[in-house]
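Residue numbers (full-length UniProt numbering), protein chains in the order written: chain A, 1 to 443; chain G, 1 to 369; chain P, 1 to 196; chain D, 1 to 386.
Report on one structure; see the data block that follows.
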């Protein structure tokens with residue numbers, strides 16, 4: 001973007017503007033595009049969700065407004081905008097107003113580090129992953145503020161639940177990402193994607209494997225478990241079924257949104273769906289290679305010749321388009337999975353949700369971090385790090401041994417934890433003998 | 001030190017999951033319920049008083065409006081009561097038609113009830129949609145036979161309003177092909193789902209003794225482990241001709257209620273299969289031609305009861321020899337099953353209240369009357 | 001370029017200081033907490049301006065995402081005493097004390113620093129001073145391993161302490177018996193009586 | 001508990017099974033199957049997959065014949081005669097009591113005729129139970145399949161006879177089998193009641209061509225038969241002439257003359273003498289006036305739906321009839337015997353006026369006027385008779 005604008009202003013018009021002005025313009029442009037993309041994503045996602053879930057329930061879903069009902073979200077948006085904005089008398093007006101804004105803003109921020117295709121990233125931070133999660137935690141403040149400002153029991157309860165849930169499920173999410181970061185040794189999202197080239201997660205370790213763009217982390221035991229854990233945590237962070245407790249309509253009406261109407265209510269929805277999109281996108285990027293896929297690397301390679309080291313323009317564009325297609329396809333697939341899960345399951349209770357997060361998911365991801373360490377040790381380390389016995393092994397052998405060991409470890413951990421967890425659940429549900437005994441003796 | 005206060009929360013009468021205009025005054029300590037007081041009467045429609053100014057037949061369509069899910073079963077109970085009072089014979093074929101309709105009602109009620117229960121647990125209506133799909137099919141059958149989907153008004157004194165239309169039986173047979181698949185699917189969705197198990201297992205336990213002392217009936221009672229089914233205990237109509245099992249629960253929690261309902265759908269299907277076999281041989285028409293609809297029963301009183309999908313529905317009628325009942329009393333299963341709600345919810349979490357309420361399977365039209 | 005950065009710096013500093021002022025002057029505790037969060041944000045932005053991305057992100061993650069939430073929770077779970085007077089009779093004394101303490105803290109920095117702005121690092125062959133994450137990680141497990149471990153132990157102790165307190169609290173709380181438990185209790189009592 | 005046959009099953013809770021997510025995967029599988037299946041339509045009852053939505057305004061469900069929504073009245077296509085005989089069985093059977101019937105009367109004799117004059121069903125309170133259709137011994141009231149009844153008018157669901165009338169041909173399109181079952185008996189009964197219906201009574205009010213045809217038929221009969229009673233003469237022209245405004249007006253004027261002018265001329269003579277003969281004459285005059293008024297009103301009213309102008313004429317006629325009746329009644333107090341006659345005449349005049357008013361429902365304004373006239377006539381008659 002910078003190059004294009006620089007060329008346009010300084011070469012075509014010859015204005016000779018300083019570089020900071022041009023980068024400012026470039027950033028503003030990119031930001032504007034992203035700000036436009038985000039709401040459209042949200043609109044499409046709501047339509048997509050409604051259609052998909054309707055089909056899962058043998059219905060048709062919205063199909064009246066526009067072709068196949070595509071403009072239904074637009075109609076909903078018009079409704080939201082024209083609705084009266086009601087602020088309760090007892091509410092804290094300013095905080096009530098700021099709440100939804102603070103919820104929406106971070107989700108927009110998160111677009112800053114999201115790579116859409118090869119080379120298409122607004123800002124390649126070397127700590128992009130950390131940035132992503134740091135920013136996402138900010139929206140908790142907005143939830144808290146709006147729940148408190150509504151001056152409503154249900155709203156406050158919903159906000160408390162939402163924040164508690166977000167804070168606790170950030171831990172398994174980050175821990176499962178930590179395993180991946182251990183394997184790759186980088187926090188940069190772009191780096192993560194580049195490492196997923198090749199065939200299975202081996203292109204870096206095993207030479208001579210063709211670059212099919214299929215070196216996704218999900219194909220390793222470590223990556224797979226991390227993916228499952230991360231996706232569950234993402235469901236919880238995005239307040240999706242079965243973790244949509246903050247807005248459990250059968251208990252606390254609509255949670256922190258109870259006292260909102262009109263476009264403020266719409267902003268919460270915007271934030272939620274954009275966050276969902278981002279979580280799906282980050283899942284696709286970290287575990288499924290983002291824009292990596294068969295053909296992207298090949299297209300790039302086609303154009304690069306000694307005379308033209310940057311590649312041919314047409315092939316670059318084609319590769320970019322294919323990459324964006326792969327990325328969006330994966331992202332929408334994960335959103336479909338979210339919808340799918342929503343179609344199939346009931347909701348957990350808040351204490352069960354906390355139990356699951358703290359007693360099952362966090363231990364599991366901790367074990368997975370250990371697995372990741374073993375994986376790194378077996379595939380990357382050598383005598384220098386104190387692992388002399390792997391020295392003689394062929395790369396494929398090392399890779400295979402690592403695969404088997406981590407797989408066994410993860411499966412064992414999963415079964416063990418599942419058993420312990422379900423036993424704990426049974427124990428909780430049974431009659432509390434101790435208390436009964438005590439009470440009997442009192443009498 | 002942290003201290004929690006007891007807090008009163010009103011759930012309802014305007015609340016998304018109270019199954020109508022129903023209010024619960026919940027006293028909570030933290031998230032645990034210490035007391036729950038059900039408040040009803042918001043939907044009171046003066047049903048019993050209206051019935052006393054109507055003639056006997058005119059009350060038939062009003063009974064549809066009691067439990068609008070199972071209008072056929074309500075009609076059955078009322079028709080039985082009046083027939084007992086007047087002494088009307090019912091032809092065999094009419095009895096078969098009656099039982100067929102009532103068992104279909106049982107399936108549709110349980111399909112809907114399970115769907116609503118899972119909805120209360122926070123599912124996004126998938127199970128409800130599946131249940132509603134089967135319910136719609138059965139309602140189509142009802143419509144072709146009686147003329148209406150919900151307010152069937154199909155039963156008459158001495159039989160049913162009209163015989164089955166010619167396309168009824170083929171469609172019913174089609175439906176019975178789909179039914180096992182549907183029930184199995186429902187079971188697969190509900191029975192082993194870990195989330196659902198967490199939400200329903202050992203929640204809202206109603207022990208046997210308490211259930212009996214509250215005179216709870218229907219699937220609620222059977223889930224608590226009491227094998228009491230009026231179809232077996234006091235076979236009315238022609239229920240003694242059919243072979244079916246009575247499912248009971250082991251613990252009496254929400255999960256058992258789900259299981260019992262699923263199994264009852266299977267048993268109802270069994271009964272319907274037997275009806276299809278035996279119906280062609282049945283004697284008589286769809287109604288006793290000698291039966292007058294504008295009955296003038298002799299002075300006296302009568303109590304007749306049936307096993308509706310929700311429990312024991314009884315009609316108590318007192319006649320003074322005129323065209324209109326002198327006293328008309330409904331023993332509504334929803335209402336009586338609702339009474340132990342407060343006790344059942346004590347000690348559980350707030351989120352469990354809606355699940356326990358959903359597992360009772362109430363219809364406010366019947367509770368408030 | 002410099003001018004722009006100066007302007008941004010000025011704005012951010014104004015935000016930080018203004019928000020901090022609001023924290024201590026607004027009457028509503030929740031509003032104060034929200035202003036505090038705004039101030040944290042400003043600080044994070046200042047870090048970004050210094051090209052210390054990692055620190056900025058950690059500032060957001062820890063202060064905005066965690067600590068402020070903790071503060072909000074704490075405020076909401078305790079009783080609010082709104083309407084108390086903000087300025088006591090001896091406000092000047094507290095102001096003096098605060099200034100004195102600030103001076104004590106600031107004096108060494110003031111005297112010990114050579115106030116020379118570091119030269120902007122050129123593009124060619126400069127050491128990566130602030131690309132930080134890896135150096136930070138290495139530092140934690142090599143040079144500062146002791147500090148790191150001590151901090152870890154401290155946090156673990158705090159965590160366990162919190163759990164212990166929570167468990168004590170739970171065991172002390174009046175347990176509401178469910179219907180089944182009550183029935184079981186009644187049975188047991190009857191059995192105990194019949195034995196007597 | 002005494003279980004006769006069958007067993008008691010204790011539900012298996014599958015305890016002790018390791019629950020590690022298999023149940024969740026099963027649920028996903030079920031939903032996935034439905035998602036895959038949803039790309040085709042669910043055609044029949046034996047399927048559980050596929051969309052089963054009926055996109056209502058575009059596609060409609062085929063309603064079963066027995067479907068019942070709201071009750072309607074049936075009339076015969078050929079003769080235009082309604083099957084309803086105003087026997088009140090439906091009104092008695094109706095649980096919410098929303099059926100209101102007025103029975104028609106023979107204008108000449110004043111006797112009840114097996115036809116309804118007005119038939120009102122309050123659709124807004126109707127509970128669609130179908131008991132009225134079952135109770136009807138003449139199969140005149142049937143349950144319609146039309147269900148799009150929503151209206152924004154509060155009185156829009158108060159259905160009068162004109163709104164309720166449906167031809168048999170319509171009913172056979174919605175429920176052919178049900179009609180076949182009852183067809184024979186119903187038509188036989190209809191023939192019976194047609195015989196007992198004089199004039200155009202019992203023909204659905206909106207079928208003006210049927211009414212005209214029937215009237216011509218009657219005329220032909222009258223012409224063929226030995227001279228009709230002479231007293232009917234003043235009204236006769238109305239029937240003979242084509243149903244036009246002028247004719248109606250003329251009839252009304254004549255009626256007024258007959259009713260008002262004739263007795264008025266006679267009035268001075270009998271009044272002072274109070275002789276029984278005069279009283280008789282007065283009575284005769286009154287009756288004549290009343291009959292004439294009635295005929296005129298009826299004739300004009302029958303034409304009313306055709307054109308609003310005719311309605312005006314009817315209104316005029318009604319008013320005149322009322323005046324005539326008033327005038328006739330004015331002669332009455334002469335003798336106690338006459339009083340009775342006069343009263344009768346007055347009441348009849350009032351009825352005639354009412355009937356005339358009731359038959360002109362097309363335009364509410366005129367209807368009001370006619371009603372007003374009728375009420376006035378009734379009041380006047382009452383006053384005078386007292």
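Cβ coordinates follow ideal geometry from the N, Cα and C atoms, glycine included.
*Can you tell which of A:123, A:292, A:246, A:393 has the C-alpha that lies nearest to the C-alpha of residue 215 of chain A?*
The sequence position of residue 215 of chain A within the first chain is 215, counting from 1. That would be A:292, whose Cα lies nearest to the Cα of residue 215 of chain A.
_Between residue 200 of chain P and chain A, is the shortest Cβ-Cβ distance under 8 angstroms, so that the two count as touching?_
Residue 200 of chain P lies beyond the range of chain P shown here (1 to 196); nothing can be said about it.
*Say whether chain G places a C-beta atom closer than 8 angstroms to the C-beta of residue 25 of chain P.*
As a working mapping, residue 25 of chain P is identified with position 25 in the third chain. Residue contact check for residue 25 of chain P against chain G: no CB pair falls below 8 angstroms.
*chain P contact for residue 374 of chain A (CB, 8 angstroms cutoff)*: Numbered from 1 along the first chain, position 374 holds the residue referred to as residue 374 of chain A. Taking Cβ atoms only, chain P never reaches closer than 8 angstroms to residue 374 of chain A, which makes this a no.
*Check whether the Cβ of residue 32 of chain G lies closer than 8 angstroms to any Cβ atom in chain P.*
Working through the second chain from its first residue, we reach residue 32 of chain G at position 32. Any Cβ of chain P closer than 8 angstroms to the Cβ of residue 32 of chain G would place that residue at the interface, and such an atom is present.
*Bridge partners of residue 71 of chain D, per DSSP?*
Locating residue 71 of chain D in the fourth chain gives position 71, counting from the first residue. For residue 71 of chain D, which the question treats as bridged, DSSP gives the partners D:143.
*Taking the C-alpha atoms as reference points, what is the distance between residue 140 of chain D and residue 129 of chain G?*
Within the fourth chain, numbered from 1, the residue matching residue 140 of chain D stands at position 140. Within the second chain, numbered from 1, the residue matching residue 129 of chain G stands at position 129. About 41 angstroms.
*Three or more C-beta pairs closer than 8 angstroms, one from the stretch 136-153 of chain G and one from the stretch 63-73 of chain G: is that the case here?*
Enough Cβ pairs lie closer than 8 angstroms, so yes.
_Proximity test, Cβ basis, 8 angstroms: residue 196 of chain G and chain A_ = If you number the second chain from 1, residue 196 of chain G lands on position 196. Contacts with chain A at 8 angstroms (Cβ-Cβ) include residue 196 of chain G.
_With a threshold of 6 angstroms on Cβ separation, who are the neighbours of residue 137 of chain G within its own chain once the five nearest residues in sequence on each side are excluded?_
Counting from 1 along the second chain, the entry for residue 137 of chain G is found at position 137. Cβ within range, chain order: 175.
*Could you confirm whether any beta carbon from chain P is found closer than 8 angstroms to the beta carbon of residue 259 of chain G?*
The sequence position of residue 259 of chain G within the second chain is 259, counting from 1. No, its Cβ sits nowhere closer than 8 angstroms to a Cβ of chain P.
*Which partner residues of residue 356 of chain A appear in the DSSP bridge assignment?*
Here residue 356 of chain A is taken as the residue at index 356 of the first chain, counted from 1. In the DSSP output, where bridge partners are listed per residue, residue 356 of chain A has none listed.
*Based on the DSSP secondary-structure assignment, which residues constitute the bridge partners of residue 165 of chain D?*
Counted from its first residue, the fourth chain places residue 165 of chain D at position 165. Its beta-bridge partners are D:73.
_Meets three-Cβ-pair contact criterion under 8 angstroms: the stretch 32-46 of chain D and the stretch 164-181 of chain G_ = Touching, yes.
_8 angstroms Cβ cutoff, residue 145 of chain G in contact with chain B_ = Structure shown: chain B not included; protein chains present are A, G, P and D.
*Cβ atoms of residue 52 of chain D and residue 58 of chain A: under 8 angstroms apart, would you say?*
In the first chain, the residue the question calls residue 58 of chain A occupies position 58. In the fourth chain, the residue the question calls residue 52 of chain D occupies position 52. Yes.
_Close beta carbons around residue 341 of chain G, own chain, < 8 angstroms, minus the five adjacent residues each side_ = Stepping through the second chain from its first residue, residue 341 of chain G is reached at position 341. Its chain contains 24, 36, 38, 356, 357, 360 as the residues whose beta carbon lies nearer than 8 angstroms to that of residue 341 of chain G, once the 5 sequence neighbours on both sides are disregarded; these appear in chain order.
*With distances taken between CB atoms, is the gap from residue 98 of chain A to residue 145 of chain A smaller than 8 angstroms?*
Residue mapping note: residue 98 of chain A aligns to position 98 of the first chain, counting from 1. Residue mapping note: residue 145 of chain A aligns to position 145 of the first chain, counting from 1. Contact: yes.
*Which runs of the beta strand (DSSP E), 3 residues or longer, sit entirely within the stretch 158-218 of chain D?*
You should have 165-167.
*Within the same chain, show all residues whose beta-carbon is closer than 8 angstroms to that of residue 134 of chain D, passing over the 5 residues directly before and after it, in chain order.*
One-based indexing of the fourth chain puts residue 134 of chain D at position 134. Within the same chain, Cβ atoms closer than 8 angstroms to the Cβ of residue 134 of chain D are found at 93, the five residues on either side in sequence being excluded.
*Scan the stretch 202-284 of chain G and note each continuous alpha helix (DSSP H) run of 4 residues or more that stays entirely inside, going in chain order.*
Whole alpha helix (DSSP H) segments, 4+ residues: 208-213, 219-223, 230-233, 254-278.
_Suppose the cutoff is 7 angstroms on Cβ atoms and the five residues either side in sequence are ignored; what does the same chain contact list for residue 218 of chain D look like?_
Along the fourth chain, read from residue 1 onward, the residue named residue 218 of chain D stands at position 218. Excluding residues within five positions, the ones whose Cβ falls inside 7 angstroms are 199.
*asked:* Assuming residue 246 of chain G and residue 33 of chain G are in contact, meaning their beta carbons sit under 8 angstroms apart, how far apart are those beta carbons, in whole angstroms?
replied: If you number the second chain from 1, residue 246 of chain G lands on position 246. If you number the second chain from 1, residue 33 of chain G lands on position 33. About 32 angstroms; that fails the 8 angstroms criterion.
*asked:* With H, G and I counted as helix, E and B as strand and the rest as coil, what does DSSP make of residue 23 of chain A?
replied: Counting from 1 along the first chain, the entry for residue 23 of chain A is found at position 23. Three-state DSSP puts residue 23 of chain A in a helix.
_Neighbouring residues, chain G, relative to residue 352 of chain A (Cβ below 7 angstroms)_ = Reading the first chain from its first residue, position 352 is the one you call residue 352 of chain A. Within chain G, the residues near residue 352 of chain A are 198.
*Would you kindly work out how many angstroms separate the C-alpha atoms of residue 140 of chain A and residue 132 of chain A, rounded to a whole number?*
On the first chain, residue 140 of chain A is found 140 positions in, with the first residue counted as 1. On the first chain, residue 132 of chain A is found 132 positions in, with the first residue counted as 1. Rounded to the nearest angstrom, the two C-alpha atoms are 14 angstroms apart.
*List the residues of chain D that residue 189 of chain A touches, going by C-beta distances under 7 angstroms, in chain order.*
Within the first chain, the letter at position 189 stands for residue 189 of chain A. Here the premise fails: no neighbours, minimum Cβ distance about 29 angstroms.
*In the stretch 134-159 of chain A, which residues sit with their C-beta less than 7 angstroms from some C-beta in chain P, listed in chain order?*
Of all residues in the stretch 134-159 of chain A, the ones placed with a Cβ closer than 7 angstroms to any Cβ belonging to chain P are 134, 135, 137, 138, 140, 141, 144, 145, 148, in chain order.
*First and last residue of the beta strand (DSSP E) that includes residue 35 of chain G?*
For the purposes of this step, residue 35 of chain G is identified with residue 35 of the second chain, where counting begins at 1. 32-39 is the span of the beta strand (DSSP E), which, as asked, contains residue 35 of chain G.
*Exposed unless 16 or more other CB atoms sit within 10 angstroms - verdict on residue 310 of chain G*: Translated into the one-based positions of the second chain, residue 310 of chain G becomes position 310. Buried: at least 16 other Cβ atoms inside 10 Å.
_What residue range does the alpha helix (DSSP H) around residue 118 of chain D cover?_
Against the fourth chain, residue 118 of chain D aligns to sequence position 118. Unbroken run through residue 118 of chain D is the beta strand (DSSP E), 112-122; no alpha helix (DSSP H).
*When we look at the beta-carbon of residue 210 of chain D and count the other beta-carbons within 10 Å, is it buried (16 or more) or exposed?*
Residue 210 of chain D sits at position 210 when you count from the first residue of the fourth chain. Residue 210 of chain D comes out buried.
*Return yes when the Cβ of residue 411 of chain A is within less than 8 angstroms of the Cβ of residue 133 of chain P, no when it is not.*
Indexing the third chain from 1 puts residue 133 of chain P at position 133. Indexing the first chain from 1 puts residue 411 of chain A at position 411. Taking 8 angstroms as the cut-off, the beta carbon of residue 133 of chain P is found no closer than this to the beta carbon of residue 411 of chain A.
_First through last residue of the alpha helix (DSSP H) which encompasses residue 88 of chain D_ = The residue labelled residue 88 of chain D in the question sits at position 88 within the fourth chain. Note, residue 88 of chain D: premise wrong, no alpha helix (DSSP H); not H, not E.
_Using a 10 Å radius around the Cβ and a threshold of 16 neighbouring Cβ atoms, would you call residue 150 of chain D buried or exposed?_
Within the fourth chain, residue 150 of chain D is the residue found at index 150, counting from 1. Exposed: under 16 other Cβ atoms inside 10 Å.
*asked:* 8 angstroms is my cut-off, CB to CB: does residue 143 of chain P come that close to chain G?
replied: Here residue 143 of chain P refers to the residue found at position 143 of the third chain. For residue 143 of chain P, the answer is no, since every Cβ of chain G falls outside 8 angstroms of its Cβ.
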